[in-house]
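According to this note's numbering, the sequence shown is numbered sequentially starting from 1163.
First the structure, in the form of structure tokens, and then the observations on it.
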Amino acid sequence: MMLRSSRRILQAVSSLAEENLSYRLLETLRKPPCFLSTTATRSSSQSTNSTTEESRSGAEPSESENCSELEAKLAKKDKYIEERDKLVTELEDKYKRSLAENQNVLQRSQKMVEEARLFAIRGFSKDLLEIADILEKATTSVPKEELDKNSHLKNLFEGLTMTEAQLHKVFNKNGLEKMNPEGEKFNPHFHEAVFQFDAPDKEDGTVAVVQKIGYTLNGITLRPALVGVVKKST
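This is how it looks when you write it as structure tokens:
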């Protein structure tokens, strides 16, 4: 009985020893050797470094491409702004030219209308001058002493004088003015010299005699005054 018990104890101890040895061996196998760990660490480090370098080398071309693309966009934008400014300048120039042309057309049209209006009344005014001349001759030909003797002649004279005054009032209202240049310097734009004579008491080139008074229409000579001009004899 003792022998069997001893054998069982030995078998149990042997079994436990084997199990302990197997456990240790398994643990040893589970842990990698030092050189394997170091190599693996170095390989991992080299792999990480190479991956980082590759990522960096790969990022650098990507960044340069982005810069090139950005520069291209900026250049395109600058070109667009330049073309826009050029177009705006051209449109402003055309607008100003159009305004100036319209202003010139308006001024020319107004001038043509004014000239047409003046031309329209020019002929009519010139015809009225004959009536004014006749009235003037009628009033200047009546002797003053006869007016007191004849009441009818006096009434007629007063009527002619009033008519002449009203006619000249209408003339002045429409820009038709009387021009009597006696004593003035001869001006070929307003006067027409009919004759010349020597007058010792007057300056050379002075209008001394007015045969027929002149008229201007809005500053433009409608009929020049017929005058006699002083000319000194040599």
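Quick reminder that beta carbons are idealized off the backbone N, C-alpha and C, glycines included.
The structure presented is a predicted model; accordingly, all values stated were derived computationally and were not measured.
Element boundaries [beta strand (DSSP E), containing residue i]
i       : result
Glu1354 : His1353 to Phe1359
Neighbourhood of residue i by C-beta distance below 6 Å, restricted to the same chain and skipping five residues each side
i       : result
Thr1383 : Phe1352
Glu1346 : Val1369
Pro1397 : In the structure displayed, the chain extends from 1163 to 1396; residue 1397 sits before or after that span and is not available.
One or two residues paired with residue i in a DSSP bridge
i       : result
Leu1329 : In the DSSP output, where bridge partners are listed per residue, Leu1329 has none listed.
Lys1340 : Tyr1377
Gly1390 : Phe1357 and Val1371
Thr1408 : Any property of residue 1408 remains undetermined from this structure, which presents the chain solely from 1163 to 1396.
Lys1347 : Thr1368
Buried or exposed by the 16-neighbour rule on C-beta atoms within 10 Å, applied to residue i
i       : result
Pro1386 : buried
Tyr1377 : buried
Val1275 : exposed
Val1391 : buried
Phe1359 : exposed
Leu1236 : exposed
Val1267 : exposed
Phe1357 : exposed
Val1250 : exposed
Sub-8 Å separation of residue i and residue j beta-carbons
i       : j       : result
Val1369 : Glu1344 : yes
Ser1366 : Lys1335 : In the sequence on display, residue 1366 carries Asp and not Ser. No, these two residues do not count as a Cβ contact at 8 Å.
Met1341 : Ile1375 : yes
Val1389 : Ala1361 : no
Lys1299 : Leu1309 : no
Leu1322 : Thr1301 : yes
Leu1329 : Leu1297 : yes
Neighbourhood of residue i by C-beta distance below 7 Å, restricted to the same chain and skipping five residues each side
i       : result
Ser1287 : Leu1338, Leu1379 and Leu1384
Ser1217 : Reliability of the predicted coordinates at Ser1217 is poor, the pLDDT of 46 falling under 50, and the value obtained from them is presented with this limitation in mind. Excluding residues within five positions, none has a Cβ falling inside 7 Å.
Ser1226 : none
Arg1270 : none
Lys1364 : Ala1370 and Val1392
Boundaries of the alpha helix (DSSP H) in which residue i is found, first to last residue
i       : result
Glu1308 : Lys1306 to Lys1311
Own chain, CB closer than 8 Å to residue i, minus 5 neighbours either side, in chain order
i       : result
Phe1319 : Thr1301, Val1304 and Leu1309
Phe1333 : Ser1287, Leu1290, Ala1294, Glu1339, Lys1340 and Tyr1377
Arg1284 : Leu1379 and Leu1384
heavy atom of the ligand COA below 7 Å from residue i C-beta
i       : result
Met1274 : Ligands in the displayed structure: none, and consequently the ligand COA is not present.
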